[in-house]
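Student:
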Amino acid sequence: MKQAFWAKYKYQIFILLAALVWIFSFDFLVQMCWEGVMHSDSFNYQEAAKNLYIFHKGHIYRPILMSTITGIPYLFGGSDQSIFSFSFYVNLLCWLASFLLLFEILKNFVKPKVALVFVLFSVLIVGNTTHVFHLLTETIYQFFILLIFYFLVQYYKTKEFKYLSLSIALLLSLMLIKPGSKFLAIVITLYFGREIIRNYKSKSMLFIYGSLFMILIQCVGMKYQFGNFTISYIDGVTYYGYVGSKAMCLRDGKEYTQMNNPRADYQFGLEPRDQKRVAEEDLKYQLKNNTANLIKAYFLDIRENTVSANSCLDEVKNKHRRSNFAFWKHLFFDLSKWQNRFYTLFAILLSVFFLLKTYRNPNPLTFISFFILYIIATSGISCGQGDRFHLVTFPFMFLLLAVFLLKQFKPFSELLQK
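Residues in the sequence shown are numbered consecutively from 177, following our numbering.
This is the structure:
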(Lines of atoms letter the chains of each structure in order from A and count residues from 1; the text may use other names and numbers.)
(Lines give C-alpha, C1' and ligand atoms only; values in the text may rest on other atoms or scores of the structure.)
Protein backbone atom coordinates (compact mmCIF):
# COMPACT_ATOMS: atom_id res chain seq x y z
CA MET A 1 0.00 0.00 0.00
CA LYS A 2 2.79 2.43 0.94
CA GLN A 3 4.70 1.58 -2.21
CA ALA A 4 1.59 2.12 -4.34
CA PHE A 5 0.96 5.50 -2.69
CA TRP A 6 4.57 6.59 -3.20
CA ALA A 7 4.56 5.42 -6.83
CA LYS A 8 1.39 7.38 -7.51
CA TYR A 9 2.27 10.60 -5.72
CA LYS A 10 6.09 10.63 -5.62
CA TYR A 11 6.34 13.75 -7.78
CA GLN A 12 3.76 15.66 -5.75
CA ILE A 13 5.46 14.69 -2.47
CA PHE A 14 8.84 15.75 -3.82
CA ILE A 15 7.41 19.12 -4.94
CA LEU A 16 5.93 19.78 -1.51
CA LEU A 17 9.13 18.80 0.30
CA ALA A 18 11.29 20.87 -2.03
CA ALA A 19 9.00 23.89 -1.63
CA LEU A 20 9.02 23.62 2.17
CA VAL A 21 12.82 23.30 2.31
CA TRP A 22 13.12 26.34 0.04
CA ILE A 23 10.74 28.61 1.94
CA PHE A 24 12.10 27.74 5.39
CA SER A 25 15.66 28.22 4.14
CA PHE A 26 14.66 31.53 2.60
CA ASP A 27 12.97 32.59 5.83
CA PHE A 28 16.02 31.64 7.89
CA LEU A 29 18.40 33.59 5.65
CA VAL A 30 16.41 36.83 5.34
CA GLN A 31 14.38 36.59 8.58
CA MET A 32 11.02 37.28 6.91
CA CYS A 33 9.02 36.05 9.90
CA TRP A 34 10.95 38.37 12.19
CA GLU A 35 10.94 41.53 10.12
CA GLY A 36 8.05 43.17 11.97
CA VAL A 37 7.23 45.24 8.87
CA MET A 38 4.04 44.66 6.90
CA HIS A 39 3.29 45.88 3.41
CA SER A 40 1.27 49.10 3.53
CA ASP A 41 -1.64 47.46 1.69
CA SER A 42 -1.79 44.71 4.32
CA PHE A 43 -3.45 47.02 6.82
CA ASN A 44 -6.11 47.80 4.22
CA TYR A 45 -6.95 44.11 3.90
CA GLN A 46 -7.03 43.68 7.68
CA GLU A 47 -9.36 46.67 7.95
CA ALA A 48 -11.64 45.21 5.29
CA ALA A 49 -11.80 41.87 7.11
CA LYS A 50 -12.67 43.65 10.36
CA ASN A 51 -15.36 45.67 8.61
CA LEU A 52 -16.96 42.46 7.35
CA TYR A 53 -16.78 40.29 10.47
CA ILE A 54 -17.01 42.86 13.28
CA PHE A 55 -18.94 45.81 11.86
CA HIS A 56 -20.86 43.87 9.15
CA LYS A 57 -20.16 46.36 6.39
CA GLY A 58 -18.12 46.57 3.23
CA HIS A 59 -14.84 48.29 2.42
CA ILE A 60 -14.40 51.03 -0.12
CA TYR A 61 -11.50 49.26 -1.89
CA ARG A 62 -11.37 45.58 -0.85
CA PRO A 63 -14.19 43.20 -1.91
CA ILE A 64 -15.88 40.65 0.30
CA LEU A 65 -14.32 37.36 -0.89
CA MET A 66 -10.80 38.38 0.09
CA SER A 67 -12.15 39.71 3.40
CA THR A 68 -14.09 36.48 3.99
CA ILE A 69 -10.95 34.37 3.59
CA THR A 70 -8.52 36.49 5.58
CA GLY A 71 -10.91 37.50 8.38
CA ILE A 72 -11.79 34.00 9.65
CA PRO A 73 -9.96 34.48 13.00
CA TYR A 74 -12.46 37.21 13.89
CA LEU A 75 -15.14 34.49 14.01
CA PHE A 76 -13.31 32.95 16.97
CA GLY A 77 -12.52 36.15 18.82
CA GLY A 78 -9.15 36.69 17.18
CA SER A 79 -7.27 39.97 17.51
CA ASP A 80 -6.20 42.28 14.72
CA GLN A 81 -2.70 40.80 14.93
CA SER A 82 -4.09 37.29 14.49
CA ILE A 83 -5.29 38.26 11.01
CA PHE A 84 -1.71 38.86 9.91
CA SER A 85 -0.52 35.59 11.47
CA PHE A 86 -3.41 33.66 9.93
CA SER A 87 -2.68 35.12 6.50
CA PHE A 88 0.74 33.45 6.51
CA TYR A 89 -0.81 29.98 6.87
CA VAL A 90 -3.46 30.72 4.24
CA ASN A 91 -0.76 31.97 1.88
CA LEU A 92 1.50 29.01 2.61
CA LEU A 93 -1.32 26.56 1.86
CA CYS A 94 -2.24 28.39 -1.38
CA TRP A 95 1.43 28.67 -2.38
CA LEU A 96 2.01 24.93 -1.96
CA ALA A 97 -1.27 24.01 -3.65
CA SER A 98 -0.36 26.23 -6.59
CA PHE A 99 2.65 24.07 -7.41
CA LEU A 100 0.56 20.92 -7.32
CA LEU A 101 -1.95 22.51 -9.69
CA LEU A 102 0.82 23.70 -12.01
CA PHE A 103 2.23 20.17 -12.05
CA GLU A 104 -1.19 18.68 -12.85
CA ILE A 105 -1.68 21.15 -15.71
CA LEU A 106 1.83 20.57 -17.08
CA LYS A 107 1.35 16.80 -17.05
CA ASN A 108 -1.25 17.27 -19.76
CA PHE A 109 1.42 18.61 -22.12
CA VAL A 110 4.76 17.09 -21.11
CA LYS A 111 6.01 14.02 -19.27
CA PRO A 112 5.87 14.09 -15.44
CA LYS A 113 9.66 14.29 -15.06
CA VAL A 114 9.79 17.30 -17.33
CA ALA A 115 6.81 18.88 -15.56
CA LEU A 116 8.62 18.40 -12.25
CA VAL A 117 11.64 20.37 -13.46
CA PHE A 118 9.58 23.35 -14.57
CA VAL A 119 7.54 23.34 -11.37
CA LEU A 120 10.75 23.43 -9.31
CA PHE A 121 11.87 26.49 -11.27
CA SER A 122 8.53 28.06 -10.36
CA VAL A 123 9.10 27.26 -6.68
CA LEU A 124 12.26 29.38 -6.79
CA ILE A 125 10.50 32.60 -7.82
CA VAL A 126 11.76 34.92 -5.09
CA GLY A 127 8.96 37.50 -5.26
CA ASN A 128 6.21 34.92 -4.88
CA THR A 129 8.04 33.34 -1.93
CA THR A 130 8.34 36.74 -0.25
CA HIS A 131 4.63 37.47 -0.57
CA VAL A 132 3.73 34.35 1.41
CA PHE A 133 4.76 36.33 4.50
CA HIS A 134 2.47 39.30 3.77
CA LEU A 135 -1.27 39.88 3.95
CA LEU A 136 -1.74 40.54 0.24
CA THR A 137 -3.91 39.08 -2.53
CA GLU A 138 -1.14 37.82 -4.80
CA THR A 139 -0.62 34.33 -3.34
CA ILE A 140 -4.33 33.57 -3.03
CA TYR A 141 -4.94 35.02 -6.50
CA GLN A 142 -2.25 32.79 -8.00
CA PHE A 143 -3.85 29.70 -6.48
CA PHE A 144 -7.28 30.63 -7.82
CA ILE A 145 -6.06 31.41 -11.33
CA LEU A 146 -4.18 28.10 -11.52
CA LEU A 147 -7.31 26.30 -10.34
CA ILE A 148 -9.30 28.11 -13.03
CA PHE A 149 -6.97 26.95 -15.79
CA TYR A 150 -6.79 23.45 -14.33
CA PHE A 151 -10.58 23.15 -14.72
CA LEU A 152 -10.40 24.70 -18.18
CA VAL A 153 -7.88 22.08 -19.30
CA GLN A 154 -10.16 19.39 -17.88
CA TYR A 155 -13.05 20.83 -19.88
CA TYR A 156 -11.10 20.70 -23.13
CA LYS A 157 -10.03 17.14 -22.38
CA THR A 158 -13.42 15.74 -21.39
CA LYS A 159 -15.91 18.22 -22.92
CA GLU A 160 -17.88 17.98 -19.66
CA PHE A 161 -19.66 21.25 -18.91
CA LYS A 162 -19.16 20.97 -15.15
CA TYR A 163 -15.47 21.78 -15.58
CA LEU A 164 -16.22 24.84 -17.69
CA SER A 165 -18.82 25.97 -15.17
CA LEU A 166 -16.33 25.63 -12.30
CA SER A 167 -13.69 27.51 -14.29
CA ILE A 168 -16.01 30.40 -15.21
CA ALA A 169 -17.50 30.57 -11.70
CA LEU A 170 -14.05 30.88 -10.13
CA LEU A 171 -13.01 33.42 -12.73
CA LEU A 172 -16.04 35.57 -11.96
CA SER A 173 -15.41 35.18 -8.23
CA LEU A 174 -11.81 36.29 -8.74
CA MET A 175 -12.91 39.90 -9.18
CA LEU A 176 -14.05 39.74 -5.53
CA ILE A 177 -10.40 39.13 -4.62
CA LYS A 178 -8.76 41.37 -7.20
CA PRO A 179 -11.19 43.82 -8.85
CA GLY A 180 -8.73 44.29 -11.70
CA SER A 181 -9.74 40.85 -12.98
CA LYS A 182 -13.13 42.22 -14.01
CA PHE A 183 -12.46 42.62 -17.73
CA LEU A 184 -10.53 39.35 -17.93
CA ALA A 185 -13.59 37.58 -16.50
CA ILE A 186 -15.98 39.39 -18.82
CA VAL A 187 -14.00 38.60 -21.98
CA ILE A 188 -13.54 34.89 -21.25
CA THR A 189 -17.13 34.47 -20.05
CA LEU A 190 -18.45 36.10 -23.22
CA TYR A 191 -16.29 33.79 -25.34
CA PHE A 192 -17.99 30.77 -23.77
CA GLY A 193 -21.38 32.50 -23.79
CA ARG A 194 -23.02 30.11 -26.24
CA GLU A 195 -21.95 27.07 -24.25
CA ILE A 196 -23.18 28.67 -21.03
CA ILE A 197 -26.55 29.58 -22.57
CA ARG A 198 -26.88 26.08 -24.01
CA ASN A 199 -26.46 24.63 -20.52
CA TYR A 200 -28.35 27.25 -18.53
CA LYS A 201 -30.63 24.56 -17.03
CA SER A 202 -27.76 22.29 -16.07
CA LYS A 203 -27.12 21.60 -12.39
CA SER A 204 -23.52 22.65 -12.99
CA MET A 205 -24.75 26.18 -13.75
CA LEU A 206 -25.29 26.58 -10.00
CA PHE A 207 -21.58 27.35 -9.72
CA ILE A 208 -21.89 30.29 -12.11
CA TYR A 209 -25.19 31.46 -10.62
CA GLY A 210 -23.59 31.39 -7.18
CA SER A 211 -20.67 33.56 -8.34
CA LEU A 212 -22.99 36.03 -10.03
CA PHE A 213 -25.03 36.23 -6.83
CA MET A 214 -21.90 37.05 -4.79
CA ILE A 215 -20.99 39.77 -7.27
CA LEU A 216 -24.52 41.15 -7.02
CA ILE A 217 -24.29 41.23 -3.22
CA GLN A 218 -20.98 43.10 -3.46
CA CYS A 219 -22.31 45.69 -5.92
CA VAL A 220 -25.61 46.22 -4.09
CA GLY A 221 -23.75 46.58 -0.82
CA MET A 222 -21.43 49.19 -2.33
CA LYS A 223 -24.42 51.07 -3.74
CA TYR A 224 -26.16 51.05 -0.36
CA GLN A 225 -23.08 51.99 1.65
CA PHE A 226 -21.16 54.33 -0.66
CA GLY A 227 -23.47 55.35 -3.49
CA ASN A 228 -22.28 53.49 -6.62
CA PHE A 229 -23.23 50.10 -8.04
CA THR A 230 -19.65 48.87 -8.35
CA ILE A 231 -17.34 46.14 -7.10
CA SER A 232 -14.74 48.53 -5.74
CA TYR A 233 -13.50 52.10 -5.94
CA ILE A 234 -9.88 50.98 -6.22
CA ASP A 235 -9.71 51.36 -10.00
CA GLY A 236 -10.38 55.11 -9.93
CA VAL A 237 -7.98 55.70 -7.04
CA THR A 238 -5.25 53.68 -8.73
CA TYR A 239 -5.61 55.50 -12.04
CA TYR A 240 -5.81 58.99 -10.51
CA GLY A 241 -2.95 58.57 -8.03
CA TYR A 242 -0.53 56.71 -10.29
CA VAL A 243 -0.62 56.84 -14.09
CA GLY A 244 -2.86 59.93 -14.12
CA SER A 245 -0.60 61.78 -11.69
CA LYS A 246 2.54 60.75 -13.57
CA ALA A 247 1.05 62.00 -16.85
CA MET A 248 0.37 65.41 -15.29
CA CYS A 249 3.90 65.53 -13.88
CA LEU A 250 5.28 64.83 -17.35
CA ARG A 251 3.17 67.66 -18.74
CA ASP A 252 4.33 70.10 -16.06
CA GLY A 253 7.97 69.02 -16.10
CA LYS A 254 7.86 67.72 -12.52
CA GLU A 255 9.22 64.54 -11.02
CA TYR A 256 6.54 62.03 -10.01
CA THR A 257 6.74 60.64 -6.48
CA GLN A 258 4.35 58.14 -4.96
CA MET A 259 4.74 59.75 -1.54
CA ASN A 260 3.65 63.36 -1.00
CA ASN A 261 1.38 63.18 -4.04
CA PRO A 262 -1.04 66.17 -3.82
CA ARG A 263 -3.46 64.61 -6.33
CA ALA A 264 -3.73 61.43 -4.27
CA ASP A 265 -4.10 63.41 -1.04
CA TYR A 266 -6.88 65.45 -2.62
CA GLN A 267 -8.75 62.40 -3.89
CA PHE A 268 -8.51 60.48 -0.61
CA GLY A 269 -10.16 63.46 1.09
CA LEU A 270 -13.29 63.06 -1.04
CA GLU A 271 -16.37 60.92 -0.52
CA PRO A 272 -16.21 57.56 -2.39
CA ARG A 273 -18.64 58.55 -5.15
CA ASP A 274 -16.70 61.78 -5.66
CA GLN A 275 -13.42 59.85 -5.85
CA LYS A 276 -14.90 57.84 -8.70
CA ARG A 277 -16.30 60.91 -10.43
CA VAL A 278 -13.04 62.88 -10.20
CA ALA A 279 -11.07 59.94 -11.65
CA GLU A 280 -13.50 59.53 -14.56
CA GLU A 281 -13.45 63.24 -15.36
CA ASP A 282 -9.68 63.35 -15.17
CA LEU A 283 -9.33 60.37 -17.53
CA LYS A 284 -11.61 62.04 -20.09
CA TYR A 285 -9.65 65.29 -19.79
CA GLN A 286 -6.27 63.63 -20.18
CA LEU A 287 -7.35 61.46 -23.10
CA LYS A 288 -8.42 64.64 -24.85
CA ASN A 289 -5.77 67.14 -23.76
CA ASN A 290 -2.77 65.18 -22.46
CA THR A 291 -2.82 62.05 -24.59
CA ALA A 292 0.89 61.74 -25.36
CA ASN A 293 1.94 62.12 -21.74
CA LEU A 294 -0.74 59.70 -20.56
CA ILE A 295 0.51 57.07 -23.01
CA LYS A 296 4.11 57.79 -22.02
CA ALA A 297 3.27 57.50 -18.32
CA TYR A 298 1.49 54.19 -18.97
CA PHE A 299 4.51 52.63 -20.69
CA LEU A 300 6.88 54.07 -18.09
CA ASP A 301 4.81 52.26 -15.46
CA ILE A 302 5.03 48.96 -17.34
CA ARG A 303 8.78 49.44 -17.67
CA GLU A 304 9.12 50.14 -13.96
CA ASN A 305 6.99 47.12 -13.07
CA THR A 306 9.25 45.00 -15.29
CA VAL A 307 12.69 46.10 -14.10
CA SER A 308 12.03 46.47 -10.34
CA ALA A 309 12.98 44.11 -7.54
CA ASN A 310 10.68 42.92 -4.76
CA SER A 311 9.88 45.90 -2.54
CA CYS A 312 9.11 43.76 0.54
CA LEU A 313 12.66 42.42 0.55
CA ASP A 314 14.03 45.93 0.71
CA GLU A 315 12.37 46.41 4.12
CA VAL A 316 13.58 43.34 6.01
CA LYS A 317 15.74 43.95 9.08
CA ASN A 318 18.58 41.96 10.63
CA LYS A 319 16.70 41.15 13.84
CA HIS A 320 19.09 38.37 14.81
CA ARG A 321 22.18 40.43 13.96
CA ARG A 322 23.71 37.77 11.73
CA SER A 323 26.95 38.69 9.98
CA ASN A 324 25.87 37.29 6.59
CA PHE A 325 22.39 38.87 6.59
CA ALA A 326 23.27 41.73 4.24
CA PHE A 327 24.74 39.30 1.71
CA TRP A 328 21.61 37.15 1.54
CA LYS A 329 19.27 40.14 1.55
CA HIS A 330 21.02 41.76 -1.39
CA LEU A 331 21.40 38.45 -3.21
CA PHE A 332 17.67 37.68 -3.07
CA PHE A 333 16.79 41.31 -3.78
CA ASP A 334 18.92 41.29 -6.95
CA LEU A 335 17.66 37.83 -7.90
CA SER A 336 14.05 39.02 -7.68
CA LYS A 337 14.96 41.96 -9.93
CA TRP A 338 16.55 39.84 -12.63
CA GLN A 339 13.85 37.18 -12.43
CA ASN A 340 11.28 39.92 -12.97
CA ARG A 341 13.12 41.25 -16.02
CA PHE A 342 13.80 37.96 -17.75
CA TYR A 343 10.56 36.20 -16.82
CA THR A 344 8.43 39.15 -17.91
CA LEU A 345 10.25 39.29 -21.24
CA PHE A 346 9.85 35.54 -21.78
CA ALA A 347 6.20 35.72 -20.69
CA ILE A 348 5.41 38.40 -23.28
CA LEU A 349 7.26 36.68 -26.13
CA LEU A 350 5.78 33.24 -25.40
CA SER A 351 2.27 34.64 -25.00
CA VAL A 352 2.44 36.46 -28.32
CA PHE A 353 3.79 33.29 -29.97
CA PHE A 354 0.99 31.08 -28.64
CA LEU A 355 -1.72 33.64 -29.37
CA LEU A 356 -0.60 33.92 -32.98
CA LYS A 357 -0.38 30.14 -33.24
CA THR A 358 -3.71 29.26 -31.61
CA TYR A 359 -6.15 32.16 -32.00
CA ARG A 360 -7.98 30.50 -34.89
CA ASN A 361 -8.75 27.46 -32.74
CA PRO A 362 -8.51 28.67 -29.12
CA ASN A 363 -7.49 26.23 -26.40
CA PRO A 364 -6.26 26.60 -22.79
CA LEU A 365 -2.86 27.83 -23.98
CA THR A 366 -4.64 30.66 -25.81
CA PHE A 367 -6.42 31.80 -22.66
CA ILE A 368 -3.27 31.45 -20.57
CA SER A 369 -1.42 33.64 -23.07
CA PHE A 370 -4.24 36.18 -23.03
CA PHE A 371 -4.18 36.17 -19.23
CA ILE A 372 -0.44 36.88 -19.13
CA LEU A 373 -0.70 39.79 -21.55
CA TYR A 374 -3.76 41.13 -19.72
CA ILE A 375 -1.93 41.18 -16.37
CA ILE A 376 1.15 42.89 -17.81
CA ALA A 377 -0.95 45.39 -19.78
CA THR A 378 -3.12 46.37 -16.82
CA SER A 379 -0.05 46.76 -14.60
CA GLY A 380 0.63 50.01 -16.46
CA ILE A 381 -2.13 51.70 -14.49
CA SER A 382 0.04 51.61 -11.36
CA CYS A 383 3.69 51.68 -10.30
CA GLY A 384 5.97 51.81 -7.29
CA GLN A 385 5.20 48.24 -6.14
CA GLY A 386 8.35 46.46 -7.29
CA ASP A 387 7.78 43.13 -9.04
CA ARG A 388 4.38 42.65 -7.43
CA PHE A 389 2.22 43.05 -10.54
CA HIS A 390 3.92 40.56 -12.86
CA LEU A 391 4.69 37.76 -10.40
CA VAL A 392 1.43 35.89 -10.94
CA THR A 393 2.30 35.37 -14.63
CA PHE A 394 5.63 33.65 -14.01
CA PRO A 395 4.37 30.10 -13.25
CA PHE A 396 2.37 30.29 -16.48
CA MET A 397 5.47 31.50 -18.31
CA PHE A 398 7.17 28.26 -17.27
CA LEU A 399 4.15 26.30 -18.50
CA LEU A 400 4.31 27.96 -21.92
CA LEU A 401 8.09 27.58 -21.99
CA ALA A 402 7.83 23.84 -21.35
CA VAL A 403 5.35 23.40 -24.20
CA PHE A 404 7.35 25.67 -26.49
CA LEU A 405 10.64 23.88 -25.94
CA LEU A 406 9.27 20.36 -26.18
CA LYS A 407 6.17 20.32 -28.39
CA GLN A 408 5.89 23.66 -30.12
CA PHE A 409 4.90 22.36 -33.55
CA LYS A 410 2.10 20.01 -32.54
CA PRO A 411 -1.61 20.99 -32.55
CA PHE A 412 -3.36 21.11 -29.20
CA SER A 413 -5.15 17.80 -29.66
CA GLU A 414 -1.76 16.10 -30.01
CA LEU A 415 -0.17 18.07 -27.20
CA LEU A 416 -2.37 16.49 -24.55
CA GLN A 417 -0.72 13.45 -23.03
CA LYS A 418 -2.82 10.35 -23.50
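By construction, the Cβ of each residue, glycine as well, lies at the ideal position given by its N, Cα and C atoms.
If you pair each beta-carbon of the segment 259-271 with each one of the segment 313-326, do three or more pairs fall below 8 Å?
Tutor: Enough Cβ pairs lie closer than 8 Å, so yes.
Student: Following the continuous alpha helix (DSSP H) through Pro438, name the residue where it begins and the one where it ends.
Tutor: It spans Pro438 to Phe444 - the alpha helix (DSSP H) in which Pro438 sits, taken as one unbroken run.
Student: Quick check on this structure: which residue in Phe231, His232, Tyr237 and Phe264 has the alpha carbon closest to the alpha carbon of Gly246?
Tutor: A quick correction: the sequence has Thr, not Gly, at residue 246. Residue Phe264 is the option with its Cα nearest to Thr246.
Student: Note down, one range per segment and in chain order, each beta strand (DSSP E) of at least 3 residues found wholly within the segment 262-320.
Tutor: Qualifying beta strand (DSSP E) stretches: none in this window.
Student: Spatial neighbours of Glu431 within its chain, please: C-beta separation below 7 Å, excluding the five flanking residues on both sides.
Tutor: Excluding residues within five positions, the ones whose Cβ falls inside 7 Å are Cys425.
Student: Do Ile236 and Phe402 have their beta-carbon atoms positioned less than 8 Å apart in this structure?
Tutor: Their beta carbons are under 8 Å apart, which means Phe402 touches Ile236 by this criterion.
Student: If you scan the segment 178-229 from start to end, which runs of the alpha helix (DSSP H) of 4 or more residues do you find wholly inside it?
Tutor: Listed in chain order, they are 178-206 and 216-229.
Student: Less than 8 Å between the C-beta atoms of Leu575 and Leu282, yes or no?
Tutor: Contact: yes.
Student: Taking the alpha-carbon positions, what's the Ser473 to Val419 distance?
Tutor: Going by the sequence as given, residue 473 is Ala instead of Ser. If you take the alpha carbons of Ala473 and Val419, they lie about 6 Å apart.
Student: Within 10 angstroms of its Cβ, does Ala485 collect 16 or more other Cβ (buried), or is it exposed?
Tutor: Under this definition Ala485 is a buried residue.
Student: Taking the CB atoms as reference points, tell me whether Tyr187 and Phe279 lie closer together than 8 Å.
Tutor: Their beta carbons are under 8 Å apart, which means Tyr187 touches Phe279 by this criterion.
Student: In whole angstroms, give me the CA-to-CA distance for Thr305 and Val299.
Tutor: Taking the straight line from one Cα to the other gives about 8 Å.
Student: Between the Cα of Gln257 and the Cα atoms of Ser218, Phe319 and Tyr415, which residue gives the shortest distance?
Tutor: Ranking the options by Cα distance to Gln257, first place goes to Ser218.
Student: Tell me which residue opens and which closes the alpha helix (DSSP H) that His232 is part of.
Tutor: No alpha helix (DSSP H) holds His232; DSSP gives it neither H nor E.
Student: To test your reading of the DSSP string, which unbroken alpha helix (DSSP H) runs of 4 or more residues are found completely within the segment 458-490?
Tutor: Within the segment 458-490, the complete alpha helix (DSSP H) runs of at least 4 residues are 467-483.
Student: Measuring straight from C-alpha to C-alpha, what distance separates Lys493 and Ile301?
Tutor: If I take the Cα positions, the gap works out to 21 Å.
Student: How many Å lie between Phe262 and Ser255 at the Cα?
Tutor: Looking at the two C-alpha atoms, the distance is approximately 11 Å.
Student: Alpha carbon to alpha carbon, how far is Phe565 from Gly397?
Tutor: Roughly 28 Å between the two C-alpha positions.
Student: If you draw a straight line from the C-alpha of Ile373 to the C-alpha of Phe337, how long is it?
Tutor: Approximately 11 Å between the Cα atoms of the pair.
Student: Looking at the secondary structure, which residues open and close the alpha helix (DSSP H) in which Arg497 lies?
Tutor: Run containing Arg497: none; DSSP gives neither H nor E here.
Student: Roughly how many whole angstroms lie between the Cα atoms of Phe124 and Gly303?
Tutor: Nothing about residue 124 can be reported from this structure: the residues present for the chain run from 177 to 594 only.
Student: Would you please state the rounded distance, in angstroms, between the beta carbons of Tyr416 and Ala455? I believe it to be under 8 Å.
Tutor: Contact flag correct, Cβ pair sits at about 4 Å.
Student: Can you grab the Cα-Cα spacing for the pair Met242 / Leu470, in whole Å?
Tutor: Those two C-alpha atoms are separated by around 31 Å.
Student: Does the Cβ-Cβ distance between Phe405 and Cys395 come in under 8 Å?
Tutor: Contact: yes.
Student: Would you kindly check if the distance between the Cβ of Ile524 and the Cβ of Ile552 is under 8 Å?
Tutor: Contact: yes.
Student: Relative to the C-alpha of Gly560, which candidate in Leu567, Asp411, Phe546 and Thr433 has its C-alpha closest?
Tutor: The shortest C-alpha separation from Gly560 is found at Thr433.
Student: Use the C-beta contact count for Met435: other C-beta atoms within 10 angstroms, 16 or more gives buried, fewer gives exposed.
Tutor: The residue is exposed, with fewer than 16 neighbouring Cβ atoms inside 10 Å.
Student: Within the same chain, show all residues whose beta-carbon is closer than 8 Å to that of Leu388, passing over the 5 residues directly before and after it, in chain order.
Tutor: So the qualifying residues of the chain are Leu348.
Student: Would you mind reading off the limits of the alpha helix (DSSP H) that contains Ile373?
Tutor: Start and end: Gly369 to Arg374.
Student: For Gly247, report the span of its alpha helix (DSSP H) as first-last.
Tutor: Per DSSP, Gly247 belongs to no alpha helix (DSSP H) and is neither H nor E.
Student: Would the segment 534-544 count as touching the segment 504-522 if we require 3 or more Cβ pairs under 8 Å?
Tutor: Touching, no, given that fewer than three Cβ pairs across the two stretches are closer than 8 Å.
Student: Where do the N-terminal and C-terminal ends of the alpha helix (DSSP H) with Asp411 fall, by residue?
Tutor: Per DSSP, Asp411 belongs to the alpha helix (DSSP H) from Ile410 to Gly417.
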